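**Q** Which chain is which? The protein sequence lines are V and E, in order. Under our numbering, the residues of the first sequence are numbered 1 to 199, in order. Under our numbering, the residues of the second sequence are numbered 1 to 199, in order. This is the structure I have questions about; it appears just below.
2 protein chains.
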Amino acid sequence: MSAPRVATRRKSAEERREEIVRIAIEHFAAGGYNGTSTEAVAREAGISQPYLFRLFGTKRELFLACHREMHERIRGTFEAAAHGVPREDVLQAMGGAYIDLLEDRDTLLFQMQSYAACSDPEIRASVRACYGDLVKLVGRLSGAEPHEVWTFFARGMLLNVTASLDLSAIADTEEWAACWLEPLALIQRAQGVRDDGAV
Amino acid sequence: MSAPRVATRRKSAEERREEIVRIAIEHFAAGGYNGTSTEAVAREAGISQPYLFRLFGTKRELFLACHREMHERIRGTFEAAAHGVPREDVLQAMGGAYIDLLEDRDTLLFQMQSYAACSDPEIRASVRACYGDLVKLVGRLSGAEPHEVWTFFARGMLLNVTASLDLSAIADTEEWAACWLEPLALIQRAQGVRDDGAV
DNA sequence: CGCAGAAGTAAGTCATCACTAACATGGCTC
DNA sequence: GAGCCATGTTAGTGATGACTTACTTCTGCG
């Protein structure tokens with residue numbers, strides 16, 4: 001009697017790619033580009049490492065695929081949040097939506113790791129392009145002044161740091177950390193009010 | 001006749017450590033924690049790699065030494081900038097000083113890499129502690145409200161991203177990138193005015 | 001059925017990396 | 001000038017990394 005060999009249906013290359021990207025995002029978010037091994041990603045995806053390379057070519061291509069996926073998620077979130085909202089409330093709505101998006105810390109951490117990986121020219125090119133795309137999108141949807149958009153992104157950036165440092169873990173003992181988390185709670189509260197139908 | 005053997009004076013362990021830290025900061029800034037090899041740092045420092053390990057014990061300890069050094073630099077810059085300045089101008093003065101500090105991009109990039117390396121618990125602990133220290137310092141020296149301090153750091157954070165993406169390299173073709181660099185120029189200009197003796 | 005093409009793997013290559021053990025040497029003191 | 005310690009090196013080690021070659025197995029289709 002040899003190994004049980006459960007009859008697992010094969011998946012299409014496209015399905016596999018999506019699975020792998022989902023898993024790789026988690027790994028890259030935690031370990032960064034250089035701190036993540038394709039071997040670990042393949043193992044968790046339940047495939048051999050050579051097959052991963054067949055599907056993506058190089059580790060860098062895998063990273064870029066993850067980056068595109070994250071970009072799409074954020075872009076989609078912004079567009080959805082702005083949909084049907086009066087122009088002057090768009091920035092606020094997008095801010096709230098971004099915070100929701102960040103509930104899974106991976107989104108945040110991956111962003112951070114993308115910036116950190118920018119010494120690689122190809123990665124930098126992609127990150128620049130996506131970032132620029134978001135900046136233009138936010139400006140267009142909100143009609144806000146450049147400096148408002150700038151402030152919007154500065155806040156987002158600080159949220160990323162908040163997540164990297166996992167400040168919520170020390171907010172009960174460090175006053176400043178609690179203070180750092182407050183803007184986040186504020187926006188959520190404002191959003192809650194909106195969800196309840198008020199104003 | 002064998003190799004010329006230039007009579008190089010030996011340096012004290014302390015001197016070596018300082019040299020190595022200086023060089024390692026550049027490497028970590030570009031490659032991040034995982035993307036930097038102790039071998040490369042040792043080579044550039046002109047010593048053997050085992051000796052580097054004798055001086056620092058582990059790669060992580062080397063990184064932490066670099067991080068402490070960067071923290072001291074920033075802290076010193078803030079304190080110097082605030083010295084003798086009326087309280088209500090302290091935030092502005094520190095902002096300008098920070099920008100000066102960032103003229104060498106390594107300072108910025110190293111910060112970014114520190115956040116990215118925070119999945120390591122020991123590094124995270126150190127980064128948290130130093131960051132908290134700066135937040136408290138800024139609050140104390142400026143007497144500003146927490147939300148002002150928060151905004152101050154948010155701006156700093158966005159500067160870090162600006163440096164990572166090297167936006168100045170595309171500012172001439174991408175309008176938004178130029179716009180992103182403007183706040184930076186603004187603060188410098190304000191500072192220039194101050195230096196000229198006016199107001 | 002048969003077979004072509006897609007899905008998937010076992011085994012290996014070669015480079016690199018963090019870190020070690022053991023040894024060599026310069027310079028200061030007495 | 002002898003001895004000693006801090007400063008340094010050479011030569012490894014075992015693990016891991018990205019990536020390849022060559023091969024197998026499943027599955028849909030005529």
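Just so it is clear, CB atoms sit at the ideal spot from N, CA and C, and this is done for glycine as well. As the structure is a computational prediction, the values presented were derived from the model and not from experiment.
#1: Using the Cα positions of C130/V and A81/E, report the straight-line distance between them to the nearest angstrom.
#2: Just curious, the alpha helix (DSSP H) that P146/V is in, first and last residue?
#3: I want to see whether chain V comes within less than 8 angstroms of M94/E, judged by CB atoms only; does it?
#4: Note down, in chain order, each residue of its chain lying with its Cβ closer than 7 angstroms to the Cβ of L181/V, except the 5 sequence neighbours on either side.
#5: What is the C-beta distance between T38/E and L52/E, in whole angstroms, given that I count them as a contact (C-beta under 8 angstroms)?
#6: CA-CA distance, E19/E and S12/E?
#7: For G57/V, report the span of its alpha helix (DSSP H) as first-last.
#8: For the region 119–145 of chain V, list every residue whose C-beta sits within 8 angstroms of some C-beta in chain E, in sequence order.
#9: Give every residue of the same chain whose Cβ lies closer than 7 angstroms to the Cβ of S119/E, excluding the five residues on either side of it in the sequence, and list them in chain order.
#10: Considering only their Cβ atoms, is the gap separating S126/V from H67/V smaller than 8 angstroms?
#11: When the cut-off is 8 angstroms and only beta carbons count, does A185/E lie next to chain V?
#12: I need the straight-line Cα distance from V6/E to I25/V, nearest angstrom please.
#13: Taking the C-alpha atoms as reference points, what is the distance between P4/E and T107/E?
#14: With a threshold of 8 angstroms between beta carbons, is V6/E in contact with chain V?
#15: Using a threshold of 8 angstroms, state whether the C-beta atoms of L158/E and F78/E are closer than that.
#16: Is it the case that the Cβ atoms of R155/V and A154/E are separated by a distance below 8 angstroms?
#17: May I have the straight-line CA-CA distance separating T173/V from G84/E, to the nearest angstrom?
#18: How many angstroms separate the CA atom of A178/V from the CA atom of A40/E?
#19: If you measure beta-carbon to beta-carbon, which residues of the region 39–73 of chain V are closer than 7 angstroms to chain E?
#20: Measure from the C-beta of S164/V to each C-beta in chain E and report whether the shortest distance is under 8 angstroms.
#21: So I123/V is in the alpha helix (DSSP H); what residue range does that whole segment cover?
#22: Name the two residues that bound the continuous alpha helix (DSSP H) containing G31/V.
#23: Measuring straight from C-alpha to C-alpha, what distance separates F110/V and R10/E?
#24: Interface residues of chain V around R155/E at Cβ under 7 angstroms?
#25: Please list, in chain order, the residues of the region 96–116 of chain V that have any C-beta partner in chain E closer than 7 angstroms.
#26: Counting only beta-carbon atoms, is E174/E nearer than 8 angstroms to chain V?
#27: Since P116/V and Q49/E are thought to touch, with beta carbons under 8 angstroms apart, how far apart are those beta carbons, to the nearest angstrom?
#28: Who are the neighbours of I25/E on chain V, taking C-beta pairs under 7 angstroms?
#29: Put S168/V into one of helix, strand or coil per three-state DSSP.
#30: Check L181/V in the structure and name its three-state DSSP category.
#31: In the DSSP assignment, find the alpha helix (DSSP H) that holds S48/V and state where it starts and stops.
#32: Where do the N-terminal and C-terminal ends of the alpha helix (DSSP H) with R10/E fall, by residue?
#33: At the level of alpha carbons, what is the spacing between V135/E and P86/V?
#34: Give me the chain V residues within the contact set of L158/E, using Cβ-Cβ distance strictly less than 8 angstroms, ordered along the chain.
#35: Is E103/E helix, strand or coil by DSSP?
**A** Walking through what the data contain:
#1: On the first sequence, residue 130/V is found 130 positions in, with the first residue counted as 1. On the second sequence, residue 81/E is found 81 positions in, with the first residue counted as 1. Distance between the alpha carbons of C130/V and A81/E: 36 angstroms.
#2: What you label residue 146/V is simply residue 146 of the first sequence in a count that begins at 1. First-last of the alpha helix (DSSP H) with P146/V: 146–164.
#3: The residue you call residue 94/E lines up with position 94 of the second sequence. By this cut-off, M94/E is not an interface position.
#4: The count along the first sequence starts at 1 and reaches residue 181/V at position 181. Same-chain partners within the cutoff: T162, L167, S168, A171.
#5: Start at 1 with the first residue of the second sequence, and residue 38/E comes out as number 38. Start at 1 with the first residue of the second sequence, and residue 52/E comes out as number 52. Yes, T38/E and L52/E are in contact; Cβ-Cβ is about 6 angstroms, under 8 angstroms.
#6: Taking the second sequence and counting its residues from 1, one reaches residue 19/E at position 19. Taking the second sequence and counting its residues from 1, one reaches residue 12/E at position 12. Roughly 11 angstroms separates the two Cα atoms.
#7: Position 57 of the first sequence, counted from the first residue, corresponds to residue 57/V. Here G57/V belongs to no alpha helix (DSSP H), and DSSP marks it neither H nor E.
#8: S119, R124, V127, R128, Y131, G132, V135, K136, G139
#9: In the second sequence, counting from the first residue as 1, residue 119/E sits at position 119. Hits under 7 angstroms: none found.
#10: The residue you call residue 67/V lines up with position 67 of the first sequence. The residue you call residue 126/V lines up with position 126 of the first sequence. Contact flag set, yes.
#11: In the second sequence, the residue the question calls residue 185/E occupies position 185. Answer no: the Cβ-Cβ gap between A185/E and chain V never drops below 8 angstroms.
#12: For the purposes of this step, residue 6/E is taken as residue 6 along the second sequence, with counting starting at 1. For the purposes of this step, residue 25/V is taken as residue 25 along the first sequence, with counting starting at 1. Note that V6/E has pLDDT 46, beneath the 50 cutoff, so the model's placement of it is unreliable and no number is given.
#13: Here the question's residue 4/E lines up with position 4 in the second sequence. Here the question's residue 107/E lines up with position 107 in the second sequence. Annotation note: pLDDT 40 at P4/E (below 50); position unreliable, coordinate value reported separately. Spanning the two alpha carbons is a distance of roughly 38 angstroms.
#14: For the purposes of this step, residue 6/E is taken as residue 6 along the second sequence, with counting starting at 1. Unreliable placement is indicated for V6/E, whose pLDDT of 46 sits below 50; the coordinate value is still reported in the next sentence. No, V6/E does not count as interfacial toward chain V.
#15: As a first step, residue 158/E is located in the second sequence; it is residue number 158 there, counting from the start. As a first step, residue 78/E is located in the second sequence; it is residue number 78 there, counting from the start. Result no, Cβ atoms of L158/E and F78/E do not sit closer than 8 angstroms.
#16: Indexing the first sequence from 1 puts residue 155/V at position 155. Indexing the second sequence from 1 puts residue 154/E at position 154. Cβ atoms of R155/V and A154/E: closer than 8 angstroms.
#17: As a first step, residue 173/V is located in the first sequence; it is residue number 173 there, counting from the start. As a first step, residue 84/E is located in the second sequence; it is residue number 84 there, counting from the start. Cα to Cα, T173/V sits roughly 33 angstroms from G84/E.
#18: Residue mapping note: residue 178/V aligns to position 178 of the first sequence, counting from 1. Residue mapping note: residue 40/E aligns to position 40 of the second sequence, counting from 1. Near 40 angstroms, if we compare the C-alpha coordinates of A40/E and A178/V.
#19: none
#20: For this step, residue 164/V is matched to residue 164 along the first sequence. Yes, contact with chain E.
#21: Working through the first sequence from its first residue, we reach residue 123/V at position 123. Unbroken alpha helix (DSSP H) run through I123/V: 121–142.
#22: Translated into the one-based positions of the first sequence, residue 31/V becomes position 31. G31/V -> alpha helix (DSSP H) spans 13–31.
#23: As a working mapping, residue 110/V is identified with position 110 in the first sequence. As a working mapping, residue 10/E is identified with position 10 in the second sequence. In a straight line, the C-alpha of F110/V is about 45 angstroms away from that of R10/E.
#24: Locating residue 155/E in the second sequence gives position 155, where the first residue counts as 1. The contacting residues are A154.
#25: M112, Q113, Y115, A116
#26: Counted from its first residue, the second sequence places residue 174/E at position 174. Cβ-Cβ to chain V under 8 angstroms: yes for E174/E.
#27: The sequence position of residue 116/V within the first sequence is 116, counting from 1. The sequence position of residue 49/E within the second sequence is 49, counting from 1. It should be pointed out that residue 116/V corresponds to Ala in this sequence rather than to Pro. About 24 angstroms; that fails the 8 angstroms criterion.
#28: Against the second sequence, residue 25/E aligns to sequence position 25. Within chain V, no residue comes near I25/E; the closest Cβ sits about 14 angstroms away, beyond 7 angstroms.
#29: Taking the first sequence and counting its residues from 1, one reaches residue 168/V at position 168. Three-state result, S168/V: helix.
#30: Along the first sequence, one-based indexing puts residue 181/V at 181. Here L181/V sits in helix by DSSP.
#31: Counting from 1 along the first sequence, the entry for residue 48/V is found at position 48. Note, S48/V: premise wrong, no alpha helix (DSSP H); not H, not E.
#32: The residue you call residue 10/E lines up with position 10 of the second sequence. Careful: R10/E lies outside any alpha helix (DSSP H) and carries neither H nor E.
#33: Here residue 135/E is taken as the residue at index 135 of the second sequence, counted from 1. Here residue 86/V is taken as the residue at index 86 of the first sequence, counted from 1. Rounded to whole angstroms, V135/E to P86/V spans 36 angstroms at the Cα level.
#34: Position 158 of the second sequence, counted from the start, is the residue given in the question as residue 158/E. Correct list: W150, F153, A154, M157.
#35: The sequence position of residue 103/E within the second sequence is 103, counting from 1. E103/E: coil per DSSP, three-state reduction.
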